[in-house]
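Heads up, my numbering is the position in the sequence shown plus 408, with the first residue counted as 1.
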Amino acid sequence: MITANDPIRINNTLVKNRLTMAPTVKFDYAGEDGKVTDKHIEHYRERAQHGCGLICVEATAVTPGGRFAKNHMGLWEDEQTEGHKAITAACHEYGAVVIIQLNHTGITANPQCGPAIGPSAVPTRDPEVLSKEMSIDEIHDMQESFVSAAVRAKNAGYDGVQLHGCHGYLINQFVSKKTNLRQDEYGGSDENRARFCAEIIRSVRKECGEDFIISVRTTGIEPDIATAISVAEEYVKAGCDYLQISTGIEWEDPSAKEVEGHYNKFCSLGVHFHEHFKGRIPVSCVNGINTPEQVRYLIENGLTDTVDLGRAVLADPAFCEAVLEGAPYSKCFDCPRCQYGPMMPHKCPAYSAIAR
Ligand SMILES: Cc1cc2nc3c(=O)[nH]c(=O)nc-3n(C[C@H](O)[C@H](O)[C@H](O)COP(=O)(O)O)c2cc1C
Numbered sequence: 409m410i411t412a413n414d415p416i417r418i419n420n421t422l423v424k425n426r427l428t429m430a431p432t433v434k435f436d437y438a439g440e441d442g443k444v445t446d447k448h449i450e451h452y453r454e455r456a457q458h459g460c461g462l463i464c465v466e467a468t469a470v471t472p473g474g475r476f477a478k479n480h481m482g483l484w485e486d487e488q489t490e491g492h493k494a495i496t497a498a499c500h501e502y503g504a505v506v507i508i509q510l511n512h513t514g515i516t517a518n519p520q521c522g523p524a525i526g527p528s529a530v531p532t533r534d535p536e537v538l539s540k541e542m543s544i545d546e547i548h549d550m551q552e553s554f555v556s557a558a559v560r561a562k563n564a565g566y567d568g569v570q571l572h573g574c575h576g577y578l579i580n581q582f583v584s585k586k587t588n589l590r591q592d593e594y595g596g597s598d599e600n601r602a603r604f605c606a607e608i609i610r611s612v613r614k615e616c617g618e619d620f621i622i623s624v625r626t627t628g629i630e631p632d633i634a635t636a637i638s639v640a641e642e643y644v645k646a647g648c649d650y651l652q653i654s655t656g657i658e659w660e661d662p663s664a665k666e667v668e669g670h671y672n673k674f675c676s677l678g679v680h681f682h683e684h685f686k687g688r689i690p691v692s693c694v695n696g697i698n699t700p701e702q703v704r705y706l707i708e709n710g711l712t713d714t715v716d717l718g719r720a721v722l723a724d725p726a727f728c729e730a731v732l733e734g735a736p737y738s739k740c741f742d743c744p745r746c747q748y749g750p751m752m753p754h755k756c757p758a759y760s761a762i763a764r
């Protein structure tokens, strides 16, 4: 039986256990220059120190226009690399593997940061305003921005990158038929809608080498699981090493967060993907996993390769030790909307309750 304490190989890198920290963005940590600050470094150091096997650093913008907000971290220029070296050093010091999630908001661009652009002209945050359909040259430039950011990530000491392919951002917008109405090689079939990301994967592999981990956090349902798996197959064909499964654009199921048995429907998407890709590529599931018992159930029953932890490790970095060693921990309060994580992780009521 595999346990949460067992190592797992991702590409050629050994991860010391099955616990991964999910990407969770922080807003007021960075300034408008998008550079890493000491707050980021300490945040990730603390999670590595408490035993996370792999840390996926939060969504990081590949162009200034692709930021969530003006105080959002970036890797769009070389000057931003230096601070990331401190994050990777802090994580490596405690034996964690560390990758970084790369993102562009696309159609959902924050107007304070840049124009809404995407595969097609569709309603944006402001339903009255349509996004600008990207030309083929603009698509290639954007792919180049992802690849350049990945090269910077490698230079900063990251073990790999994760392409943000879910939650309705640019890569996901190419995959969804709701936002991709194109009739050229980037629209239409599953293969074509996956092409934007698949080409990025191939170029990152070429530029960053065979050993560099390339992960995609992909949508587990778009509009159905079979189509989402078919898209993910394209990523695997292109050289993706590790899939994390979350949600996309075309799924609004009010019961998705309700736990049925040991996990919720979001998490079950990862379980489906794991069943499909078993033995070929490691798969991680995420969402609502906030007790050690849930983690153990998922791993020990062979339902997933790794368990991705968001709010559980925001609430208490010692959650990992609770799983691995049975140590005490402070449980996430499951606030209706996690209003603390992105702005003030230190104000999370569960985190604040811990005597340090
Ligand atoms: C504060 C906060 C920030 C988040 N930022 C990101 C992000 O940068 N990238 C991403 O893919 N998901 C992001 N998410 C989603 C989480 O990675 C995760 O999928 C979600 O919180 C569900 O998992 P959980 O129940 O373990 O928290 C964020 C979630 C929270 C609460």
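Here a beta-carbon is modelled for each residue, glycine too, at the ideal position from N, C-alpha and C.
As the structure is a computational prediction, the values presented were derived from the model and not from experiment.
Query - Where residue 486 falls, given that 16 or more other Cβ within 10 Å makes a residue buried - result: exposed
**Report entry** For residue 591, the three-state DSSP class (helix, strand or coil)
**Finding:** coil
Query raised in the report: DSSP state of residue 580, grouped into three classes?
Result: helix
**Report entry** Buried versus exposed, by CB contacts within 10 Å (16 or more), residue 550
**Finding:** buried
Query raised in the report: Excluding sequence positions up to five away, which residues of its chain have a Cβ less than 7 angstroms from the Cβ of residue 599?
Result: 642
Query - Inside the stretch 618 to 650 only - beta strand (DSSP E) runs reaching at least 3 residues - result: 621 to 627
Query - Cβ-Cβ distance between residue 461 and residue 504 below 9 angstroms - result: yes
Query raised in the report: Thinking just about the alpha-carbon of each residue, which of 430, 629 and 449 is nearest to the one in residue 499?
Result: 449
Query - Reduced DSSP category for residue 489 - H, G, I as helix; E, B as strand; rest coil - result: helix
Query raised in the report: Thinking C-alpha only, which one of 572, 588 and 490 is nearest residue 541?
Result: 588
Query - Where the beta strand (DSSP E) containing residue 483 begins and where it ends - result: Element bounds for residue 483: n/a, residue is neither H nor E.
Query - Residue list, Cβ distance to ligand 1 heavy atoms smaller than 6 angstroms - result: 430, 431, 432, 433, 466, 467, 509, 572, 575, 625, 654, 694, 695, 696, 697, 717, 718, 719, 720, 746, 749 and 750
Query raised in the report: Of the residues 515, 582 and 484, which one's Cα is nearest the Cα of residue 639?
Result: 582
Query raised in the report: In whole angstroms, what separates the C-alpha of residue 556 from that of residue 592?
Result: 25 angstroms
**Report entry** Whole-Å CB distance - residue 379 paired with residue 694, under 8 angstroms assumed
**Finding:** Coverage of the chain is limited to positions 409 through 764, which leaves residue 379 absent and any answer about it impossible.
Query raised in the report: What does DSSP give as the partner residues of residue 511 in its beta bridges?
Result: 469
Query raised in the report: Would the beta-carbon of residue 443 fall within 9 angstroms of that of residue 490?
Result: yes
Requested in this report: Can you give me the Cβ contacts of residue 707 inside the same chain, cut-off strictly under 7 angstroms, excluding the 5 residues immediately before and after it?
Outcome: 410, 411, 412, 426 and 715
Query raised in the report: In terms of alpha-carbon separation, which member of 680, 738, 526 and 488 lies closest to residue 580?
Result: 526
Query raised in the report: How is residue 710 classed by DSSP in three states: helix, strand or coil?
Result: coil
Query raised in the report: Do the stretch 749 to 763 and the stretch 427 to 435 make contact, defined as three or more Cβ pairs closer than 8 angstroms?
Result: yes
Report task. For my contact list, residue 604 and residue 547 are in at a C-beta cut-off of 8 angstroms; report their separation, rounded to the angstrom. Result -> 7 angstroms
Query raised in the report: From the DSSP output, which residues share a beta bridge with residue 573?
Result: 626
Query raised in the report: If we ignore side chains and look at the alpha-carbon of each, how far apart do residue 428 and residue 741 end up?
Result: 20 angstroms
Query raised in the report: Around the Cβ of residue 754, are there at least 16 other Cβ atoms within 10 angstroms (buried) or fewer (exposed)?
Result: exposed
Query raised in the report: How far does the alpha helix (DSSP H) with residue 756 in it reach, from first residue to last?
Result: That residue, residue 756, is in no alpha helix (DSSP H); it is neither H nor E in DSSP.
Report task. Out of 424, 612 and 667, point me to the one whose CA is closest to residue 563's CA. Result -> 612
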